[in-house]
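Here my numbering is used: position 130 in the sequence shown is 509, and no number is missing along the way.
Take a look at the structure below.
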Amino acid sequence: MEYAELHCRTHYSFLRGASHPAELVTRAAELGYKALAITDLNGVYGIPKAYEATKENPTLKLIVGSELVLEDGARLTLLAQNRPGYGLMCRILTAVHAGKLKGEGFLSWAELSEFGTNKFPGLVAIPFEFASERIAEVARYFPERFYLPVWRQLEKGERSRIKKTLDLSEKLALPIVAVNSVHYHLPERRALQDVLVSIREGQPLKSAGHHLFSNAERYLKSPEQMARLFRDLPEALANTVRIAGQCTFSPSELRYRYPSEWIPLGETAQNYLERLTWEGARRRYAGGIPQDVDRQLRHELKLIQELGFADYFLTIWEIVEFARSRKILCQGRGSAANSAVCFCLEITAIDPVRMNLLFERFISAERGEPPDIDVDFEHERREEVIQHIYQKYGRDRAGMVSAIITYRSRSAVREVNKAFGADPEAEPSEQVSAMVEEIHGFPRHLSIHSGGFTLSADPIIETVPIEPARMEGRTIVQWDKEDLAVIGLLKVDILALGMLSAIRRTFDLIQIREPGREKLTIANIPPEDPKTYAMLQVADTVGVFQIESRAQMNMLHRLEPKCFYDLVVEVALVRPGPIVGQMVHPYLRRRRGLESSASPDPRLDPILGRTLGVPLFQEQVMKMAIVMANFTPGEADQLRRAIGAWRSNGTIEKMGKKLKEGFLANGLPLEFVERVFKQIKGFAEYGFPESHAASFALIAYASSYLKCHYPGEFACALLNSQPMGFYSSHTIIEDAKRHGVHVLPVHPNISGWECVMEKINAAAPALRLGFRIVNGLGETDFEKFRDIREQKSFDSFLDFLYRTHLPPRVLNRLALAGAFDSFGIERRDALWEILAVHSTPSVNSQQTGSQMDFFQVLAEATSASQPQFRPLSSFKKIQAEFEAFGLSVHGHPMGALRKILKAVPPTTTAAVKQTTSGRVVRLAGLVIARQRPQTAKGTVFATIEDEFGFTDLMLREEVYKKFSDVFVSEPFLVIRGKVQRDRGAVNILVDTVSPLFGQPTGQEILRTTSYDFH
């Protein structure tokens, strides 16, 4: 008996299906189905996963379809017969979502009619929930391709429904087709289906009532079961096979064509790429292209030609060239750094030949798929690049890649608890836990990828539907990056990196300071600068890219980097991969000469020699799999993919088993094998390939060099690039002061919107704060008084009040923070005069009259009633500046508090640095960071700051639990603990925590920003 199921939803119908596409495909193949149609609601979200599953189940034919929602709730299932039909279906699905709220797409009858004028070529249609009077109208759009569905699921009213369908079939001469309206592959999934419906409707199961199916019949029944159900309607069964035979389209027909309009006339993509590459090589190697580089370029270009990827490289090159033409700093990252071609095209800044990076990690003939090139752009200007892509290619040829948001343990527990009527935050019951395990990894909704774009020479909407993203001006395709790879579509990652904004700004400021010198770039920053490495060895890295966290600072003390490759290792070490794999301590011991640097086996020396016999990078694990576990290069790449997908699907057992067995069979010690496998698990959480670590290390080095040699300009650029990085503006300013940078306050007549470097004497310029740091002050407000100021500087505070007309909220904030101190007016007096202007009608009305009248009326209004204010105390001034700016120019709050609070212990952070290990100290300070890494087994870390610097704290789990309320909520703490020293790294193992002010006060005492639990 042959049967094809033509109406089947997967869990990519978002809470309307309870099985993964692969589960449905596998089960259908096991049952001997002729074909299976995947018809998710309003999309083709599940098609790539189903298509991939058919490769393991080649006897099953996949039919690509979708179920459209129409404006009155009717539904129309479409099945693609051929490639043009599929393209039309994608266009229709794009129309379903265009201009609609997210998750509420539908096609109007007018739109359906408009599409229907061409008779929907290449599409079969099956209507559901249609009013009978609509059937004849819509059937005309699908001549000989319109079928009335019949399904039998033992439900109330079923006989009456089927009789009406059969009567309508006879009346309109329309064929019928059997379907089972499948929502899950096995009947056991019915319980999960009910939970999903409960979540979707926002009602507990006991109240979901009519929303739930009445039984568990919507599973994949065997052809024999379907034959028994429809023994009286054999034509309905036969039509399933007839339709399946007509639907010949396969996703394998989706041929991708790269955009190519910028290739000069008369040149092929390959010729043009080779010309650009050799021109770039001559620029990169001005003294002559080295032999090994020449050899590598020829190898890469030959492989690119064989695989047909020249257009892909040119696409990335064009985007990078656009950014450069707009002076937007950018740099390729990730595996692209393994490519000498990318280096010569100036897409990346790492020389892979000099770094001995593995090109096959980027492209391999065995893999045969497009490489993945990620490019970071300045975070404030990335939108310019995105809009350039839309404008150049058009929205029908460009769309951002979607990200599928799935249920994780916490969100699943919360939602399933609600479905069972329990408190969302309650500990899950056994029943809830079982359901959570099933729902884990199920898709919740589509989101927008952090920067992935797919581009095409042809309309992309004929390959995959596009729908609006929540973010204005963005559209996304219905597939994520893994789906695009399965189908073979181009993906370009246009990513944002705040540090690139800061570096570009620093370069600009240095050029102003030193106009005669060659402008600095990331490429021409002096390499291996001794002063920079001396700074890194003492972990002086506040504001520096990637190595500014407290964990990285501690590692810098222990690693003491002396060259660029040390920085590459530094970036990679503080990651779950090496930590979970217990590779960090062996590496550090070997670096210090405390143990042998020999590899576990001489055959591993070429792979592990550079990292002292310890595997730190993904590439090393891949190479080890090939050399010591008999993996083919293709299998090693599958291992890499499995590592990357482990976190989302939790499966690597098959590859891991083979890896372990191969290692042991080749004589590697069991202990080493176990450590490597733990490390692989850590990589799944977050591990760096060597090329990625090298790309980030280059930016880390560039930012370190700038901080070392131009601390003022670097701090200024960081402030202008906020929000970004690990530390608040306050910490950046305090660090700049410690480096001898003179910081000047916001000044009504001098400050611009951004912070600038201001020449005040022959010494290094001072950092003048700009109005952008003022909380609650918009650039529009600033531009108003800037335009007035350009006509004539402000003579006094009253002159500023009279001419700017700024709202009281802005004036109060500026006054309290000392922005008008330069006019010689006390802050409280300024507040009083602002109040007088805006609360006294006679004064307020004079703002539109002459300045003399305004001053006179104001004087009369304030002279009699103004109290005599005492000047603000030092702490109150700092407090007000934090309220307005998030920082203070006039001192650290701990410096002021030390003078007025007896509770402040005499020990300072500077003293702690000189304290011997094991000594117990009491220390007070402002908390600037709190962290709880998953790899730390419950230990919590924090950084506490005073006017002299900062100190790291460690709280074991039991201490954290005891003091968590105070520790998390209080900005100022007094701690007691034991000093611990490891080479240059110093921290305190805390045993007691208390609020500085004697009792909890919350954040009201000082508005601060700390980097908490990221």
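Ideal Cβ positions, reconstructed from N, Cα and C, are used throughout, including at glycine.
Quick caveat: nothing in here was measured; it's all calculated off a predicted structure.
Judged by pairs of C-beta atoms under 8 angstroms, the region 883-896 does not touch the region 647-656, as fewer than three such pairs exist. Bounds of the alpha helix (DSSP H) holding Phe1342 are Glu1336 to Ser1348. According to DSSP, residue pairing for Met1136 in a beta bridge involves Leu1146.
If you draw a 10 Å sphere on the C-beta of Cys387, you find 16 or more other C-beta atoms in it, and that means buried.
Pairing Arg793 with Pro803 gives a Cβ-Cβ distance under 8 angstroms.
In the DSSP assignment, Lys1357 forms a beta bridge with Val1299 and Leu1368. Excluding the 5 residues flanking it on each side, Ile1005 has same chain C-beta neighbours closer than 7 angstroms at Pro1012 and Ala1015, in chain order.
In this structure, Ile505 and Tyr526 form a Cβ contact; the two beta carbons are roughly 5 angstroms apart against a cut-off of 8 angstroms. Counting other Cβ atoms within 10 Å of its Cβ, His678 stays below 16 and is therefore classed as exposed. Going by C-alpha positions, Ile827 is about 12 angstroms away from Ile873. Between the beta-carbon of Ser704 and that of Phe924 there is about 25 angstroms, and that puts the pair past the 8 angstroms contact cut.
The shortest C-alpha to C-alpha distance from Pro1186 to any of Asp1200, Ser1218, Gln1170 and Ser1201 is the one to Ser1218.
For Val1052 and Lys1039, the gap between their C-alpha atoms comes out near 7 angstroms. For the region 554-611, the continuous alpha helix (DSSP H) assignments of 4+ residues that do not extend past its boundaries occur at 569-580, 584-587 and 602-608, in sequence order.
In the DSSP assignment, Gly778 falls within the unbroken beta strand (DSSP E) covering Ala777 to Thr785. In this structure Ile901 is in contact with Ala728, their Cβ atoms being roughly 5 angstroms apart against a cut-off of 8 angstroms.
Across the set Ala1096, Ala1145, Arg1117 and Ile1112, the C-alpha of Ala1096 shows the shortest separation from the C-alpha of Glu1133. Assignment of Pro463 by DSSP, reduced to helix, strand and coil, places it in the helix class. Arg636 is the residue among Arg636, Gly484 and Lys1340 whose C-alpha sits nearest the C-alpha of Lys870.
Per DSSP, Asp919 is not a residue of any beta strand (DSSP E), being assigned neither H nor E. Cβ-Cβ distances below 6 angstroms link Leu938 to Glu949 in the same chain, with the five nearest sequence neighbours on each side left out; the list follows chain order. According to DSSP, Met1333 shares a beta bridge with Phe1320 and Leu1368.
For the pair Val1358 and Leu1334, the CB atoms are not nearer than the 8 angstroms cut-off. Separation of the CB atoms of Ala623 and Ala414 is rounded to 4 angstroms, and the pair is thereby assigned contact status at 8 angstroms.
Counting C-beta atoms within 10 angstroms of its own C-beta, Trp858 has 16 or more neighbours from the protein chains shown and is therefore classed as buried.
Residue range Ile752 to Glu757 is occupied by the beta strand (DSSP E) that includes Asp755. Between the region 457-464 and the region 426-441, the count of Cβ pairs shorter than 8 angstroms is below three; the stretches do not touch. According to the DSSP secondary-structure assignment, Gln931 is paired through a beta bridge with no residue. Taking all protein chains in view, the Cβ of Ser714 is crowded by 16 or more other Cβ atoms within 10 Å, so the residue is classified as buried.
Taking a cut-off of 8 angstroms for Cβ pairs, the region 1117-1133 and the region 1149-1163 touch, as three or more such pairs fall below it. No Cβ-Cβ contact shorter than 8 angstroms links Ala1073 with Leu682. Residue burial is scored here from C-beta neighbours: Pro750 has at least 16 other C-beta atoms within 10 angstroms and is therefore classed as buried. Ranking Ala477, Ile471 and Val795 by CA distance to the CA of Ser492 puts Ile471 first. Under the three-pair Cβ rule at 8 angstroms, the region 608-624 counts as touching the region 522-536. In this structure, DSSP gives Lys498 a state outside helix and strand, which the three-state scheme calls coil. In the structure shown, Gln1310 adopts extended strand secondary structure according to DSSP, grouped into three states.
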